[in-house]
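Residue numbers (this note's numbering), protein chains in the order written: chain V, 16 to 220; chain C, 16 to 220.
C-beta: ideal position from N, C-alpha, C; glycine also.
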DNA sequence: CGCTATAGACCGACCGGTCGGTTTTCTGAC
DNA sequence: GTCAGAAAACCGACCGGTCGGTCTATAGCG
């Protein structure tokens with residue numbers, strides 16, 4: 016990487032890191048640009064060199080969170096040393112651990128920002144929908160594998176089930192944020208892995 | 016009711032109606048007081064006679080939505096002419112119809128506002144938790160009845176299941192707001208009533 | 001009349017964004 | 001390698017507008 020690219024990414028990245036943390040905590044409209052800039056240590060003129068508006072910045076924060084989450088999910092869901100069900104469990108346990116450590120992860124941040132800014136722009140809308148589609152597709156693939164191996168109950172259509180799992184996770188994430196503890200995520204894990212996905216006759220190991 | 020009380024409630028109620036609609040659409044921080052006042056046709060001095068701050072107003076909006084939702088749920092979940100499962104189905108179908116008609120209902124509005132204002136005050140927090148506890152208790156009671164009648168699968172603990180249903184509904188509500196259609200709520204219905212709650216051997220009618 | 005409720009001008013703070021100036025980096029000519 | 005000019009990136013004072021809240025005056029009511 017050339018020096019100017021390093022400089023460019025450094026400032027921009029610092030902004031995105033600060034935006035991710037502050038928008039996650041205070042919301043998009045609840046946190047002014049000034050605060051983001053202070054935390055990132057970037058003056059206003061620099062900000063507008065990189066992003067044409069706060070809204071474009073918000074889209075970039077969402078896209079970054081999405082891509083990071085996908086990068087995290089991919090190796091976990093693709094780990095062929097484990098069975099499909101184990102891969103799913105590992106992935107959700109990692110997500111739970113992320114939430115326990117920092118209070119939120121991309122799957123919590125993105126819908127939160129989307130709800131708040133949903134009436135603003137098509138860019139936000141498109142970025143969020145893209146995230147959901149990718150998450151859903153990845154989950155559905157692993158679910159299908161598990162069903163084919165008789166490890167996961169075939170009662171539910173895999174695509175439908177993937178959507179349901181994401182919705183349930185989002186609901187649990189809301190409760191976590193409201194309750195300020197991760198009990199809801201534990202409920203999610205228990206429900207999904209101990210009963211919902213359980214194949215009649217499969218071992219729980 | 017005395018005339019001044021009518022007068023008092025009229026202005027206050029107009030504010031709460033406007034707040035419910037605008038906060039639901041634009042969020043708490045995304046919608047300024049001026050806009051609420053314009054829609055309600057209430058001058059600023061009057062607003063501050065009834066509410067000491069925007070935050071207190073937000074809490075009142077949440078509490079009103081919660082109580083209205085409970086008032087709506089109660090007769091549906093308590094209708095003994097129907098079986099427990101049918102009562103649940105009717106209630107969620109009514110909620111779905113509310114969302115289809117107006118874009119949201121209390122169960123969508125409350126977590127949305129809670130996420131946005133969660134770092135603000137204990138009052139919001141307390142009001143939201145109270146809502147969840149009441150919804151959950153009501154659902155759990157009906158689920159338990161259905162399980163006792165072998166109408167609803169006993170695989171899941173009723174209290175746990177009530178929490179899961181609420182989380183799943185919240186997740187579906189988020190998707191609805193993001194996708195701008197109610198397909199996610201239909202997925203919720205299909206999943207919950209056609210598979211999840213179905214008692215092995217029970218008729219679907 | 002006294003109290004409640006309304007009315008709206010006003011306040012300082014904060015908002016997102018603008019814009020002229022400065023510094024740093026890059027590029028091509030010599 | 002040096003240098004001059006251009007481009008990229010940084011810098012922060014400034015802007016008009018909006019924000020939530022204050023406060024004095026007035027209207028309405030019993």
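Per-residue DSSP class, three states only, for residue i
i	result
residue 167 of chain C	strand
residue 102 of chain C	helix
residue 190 of chain C	helix
residue 195 of chain C	coil
residue 96 of chain V	coil
Beta carbon proximity, residue i to chain C, threshold 7 angstroms
i	result
residue 71 of chain V	no
residue 221 of chain V	Within the shown structure, residues of chain V are numbered from 16 to 220, placing residue 221 of chain V beyond reach of any answer.
residue 193 of chain V	yes
residue 18 of chain V	Unreliable placement is indicated for residue 18 of chain V, whose pLDDT of 38 sits below 50; no coordinate value is reported for it.
residue 106 of chain V	no
residue 143 of chain V	yes
residue 42 of chain V	yes
residue 237 of chain V	The structure shown has nothing for residue 237 of chain V, since chain V only spans 16 to 220.
residue 202 of chain V	yes
residue 198 of chain V	no
residue 110 of chain V	no
residue 186 of chain V	yes
residue 183 of chain V	yes
Span separating the alpha-carbon of residue i from that of residue j
i	j	result
residue 184 of chain V	residue 26 of chain C	40 angstroms
residue 160 of chain V	residue 99 of chain V	6 angstroms
residue 178 of chain C	residue 196 of chain C	24 angstroms
residue 88 of chain C	residue 173 of chain C	18 angstroms
residue 55 of chain V	residue 32 of chain V	8 angstroms
residue 109 of chain C	residue 43 of chain V	32 angstroms
residue 137 of chain C	residue 168 of chain V	43 angstroms
residue 37 of chain C	residue 67 of chain C	19 angstroms
residue 20 of chain C	residue 30 of chain C	Because residue 20 of chain C sits at a pLDDT of 46, beneath the cut-off of 50, its placement in the model cannot be relied upon, and the point is left open.
residue 62 of chain V	residue 52 of chain V	8 angstroms
residue 124 of chain V	residue 39 of chain V	6 angstroms
residue 93 of chain V	residue 77 of chain C	43 angstroms
residue 149 of chain C	residue 103 of chain C	15 angstroms
residue 80 of chain C	residue 41 of chain V	23 angstroms
CB contact below 7 angstroms: residue i versus chain V
i	result
residue 215 of chain C	no
residue 206 of chain C	yes
residue 178 of chain C	yes
residue 89 of chain C	no
residue 81 of chain C	no
residue 190 of chain C	yes
residue 33 of chain C	no
residue 78 of chain C	no
residue 137 of chain C	no
Minimum C-alpha distance to residue i - residue among the options
i	options	result
residue 101 of chain C	C:154, C:147 and C:118	C:154
residue 180 of chain C	V:190, V:80 and V:53	V:190
residue 46 of chain C	C:175, C:132 and C:28	C:132
residue 199 of chain C	V:209, V:194, V:186 and V:198	V:186
residue 165 of chain C	C:213, C:176 and C:116	C:213
residue 193 of chain C	V:149, V:83, V:171 and V:128	V:128
residue 151 of chain C	C:85, C:141 and C:208	C:85
residue 206 of chain C	V:211, V:203, V:204 and V:205	V:211
residue 143 of chain V	V:107, V:158, V:157 and V:126	V:126
residue 74 of chain V	V:208, V:140 and V:203	V:140
Members of the segment 146-179 of chain V that neighbour chain C once the beta carbon cut-off is set at 9 angstroms: Flagged, chain order: 147, 170, 171, 175, 176, 178 and 179.
task: Pull out every residue of the segment 114-134 of chain V whose Cβ sits closer than 8 angstroms to any Cβ of chain C, in chain order.
output: Considering only beta carbons, the part of the segment 114-134 of chain V lying closer than 8 angstroms to chain C consists of 126, 127, 129, 130, 131, 132, 133 and 134, in chain order.
- prompt: Taking any Cβ of chain C, which residues in the segment 45-58 of chain V have a Cβ under 7 angstroms from it, in chain order?
  reply: For chain C, the residues of the segment 45-58 of chain V that bring a beta carbon within less than 7 angstroms of one of its beta carbons are 45, in chain order.
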